[in-house]
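Heads up: the sequence shown is residues 1 to 293, going by full-length UniProt numbering.
All C-beta atoms, glycine included, are put in the ideal place defined by N, C-alpha and C.
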Amino acid sequence: MSKIVYRLCGLKVSRASTTHLNSQPILLFSSDAKNSDTQTSQNERKSKEIDPNKEMELPEEPTNCCMSGCANCVYIEYASKLMENFELGGDKAQKIILEKIKDPSMKAFLEMELRMKLQQKMAVTESKTLLQRRYYDQPEGEDMVGKLIATNKWAVVFGVAFSTVDVLLYSRTKGYLATMSRYLKFTAPLVGVATAFTCGTFLSTRMRGKDDNWNYMVGAVASGGVLGAAMRCPQRGLFACGAFCLAAWVKRLSIQEGWVFFPEIIKGQGDFNTRKHDWSIVPDGTRGWTRGN
């Protein structure tokens with residue numbers, strides 16, 4: 001679409017030699033624009049995760065739309081990586097990349113592209129059922145109902161599990177009312193803790209207008225207070241506030257740095273009897289090593 005618009009306007013797009021967004025814009029909008037004398041290296045580009053706190057670099061070669069050095073493709077690919085690698089939300093991804101671009105035409109073009117990508121992501125989220133909603137489907141400060149459902153469904157699952165163990169092994173209640181009271185005793189506090197954290201984080205993000213660690217701290221303190229009130233013990237509530245704050249800070253750090261608590265384990269192929277079979281027509285599975293030259 002962008003190439004058609006540029007051809008209709010009689011403009012040529014050339015790519016500058018710089019590879020950093022901190023330098024001047026890489027588009028030269030003029031009818032007599034010439035290619036830069038300095039050519040970029042042709043080494044194989046390795047995909048890197050983009051850290052908004054570090055020096056941001058552009059890919060050396062575009063991989064979308066065309067292979068002619070189109071600057072639009074480079075920026076669009078960069079914006080897509082920024083939105084995929086970090087669960088910071090579309091607004092923050094858009095802000096990070098647009099702050100580095102000086103050219104107004106390119107800034108308007110990229111803003112439109114980022115808005116379209118965000119709308120596509122929201123459309124996928126809205127197509128999910130209520131029980132399929134996840135907390136990070138939408139950025140912080142948006143979709144409060146979806147976030148409440150995502151957190152409370154796990155609170156209900158753990159509450160029912162703990163209550164069942166208590167009823168069968170410890171309290172051994174008799175009668176429907178006594179059994180229901182034991183289920184409520186374990187499930188209701190967990191639902192309250194999840195709701196307090198979600199609402200506290202949501203309101204803090206909205207009121208402060210920032211998406212940072214302090215919003216999680218507010219939610220953690222609120223959930224710790226609810227747990228202390230449910231247990232009728234201020235000391236336990238204070239301890240819960242500290243523990244929840246630490247857990248929230250670690251979770252937020254994992255989101256910012258892009259690591260997970262429980263990574264997917266890649267299992268080896270075969271067993272002790274594998275050597276007895278002929279695997280010559282079966283492709284090799286994933287291994288923890290690579291063959292040398």
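Would you call the CB atoms of residue i and residue j closer than 9 Å?
i: R252; j: Y216; result: yes
i: S204; j: R182; result: no
i: K188; j: G141; result: Just to set this straight, residue 188 is Ala in the shown sequence, not Lys. Result no, Cβ atoms of A188 and G141 do not sit closer than 9 Å.
i: G200; j: A220; result: yes
i: G288; j: I266; result: yes
i: L131; j: K153; result: yes
i: T179; j: V165; result: no
i: T151; j: Y170; result: no
By a C-beta neighbour count over all protein chains shown, 10 Å radius and 16 as the cutoff for buried, is residue i buried or exposed?
i: L190; result: buried
i: F109; result: buried
i: K147; result: buried
i: A247; result: exposed
i: A155; result: buried
i: F272; result: exposed
i: G175; result: exposed
i: D137; result: buried
i: F261; result: exposed
i: G237; result: buried
i: F86; result: Low per-residue confidence applies at F86: pLDDT is 43, beneath 50, and the placement is therefore not dependable, though the value from the model is reported in the following sentence. Buried.
i: P139; result: buried
i: D143; result: buried
i: T286; result: exposed
i: R291; result: exposed
i: A161; result: exposed
i: V218; result: buried
i: A243; result: exposed
Comparing the C-beta of residue i with each C-beta of chain E, is any distance below 9 Å?
i: S254; result: Absent from the structure is chain E; it holds one protein chain and no more.
Next on the checklist: Does the structure place the stretch 186–198 close enough to the stretch 208–227 that three or more beta carbon pairs sit under 8 Å?
Outcome noted: yes
Checklist entry - Okay, do the stretch 253–261 and the stretch 230–238 touch, 3+ Cβ pairs below 8 Å being the bar? => result no
Checklist entry - Would you call the stretch 203–221 and the stretch 145–159 in contact, with 3 or more CB pairs under 8 Å? => result no
Next on the checklist: So within the stretch 128–155, which uninterrupted beta strand (DSSP E) runs reach at least 3 residues, ignoring any that extend past its ends?
Outcome noted: none
Next on the checklist: Report the start-end ranges of each alpha helix (DSSP H) in the stretch 189–252 that is 4 residues or longer and not cut off at the edges.
Outcome noted: 213–231
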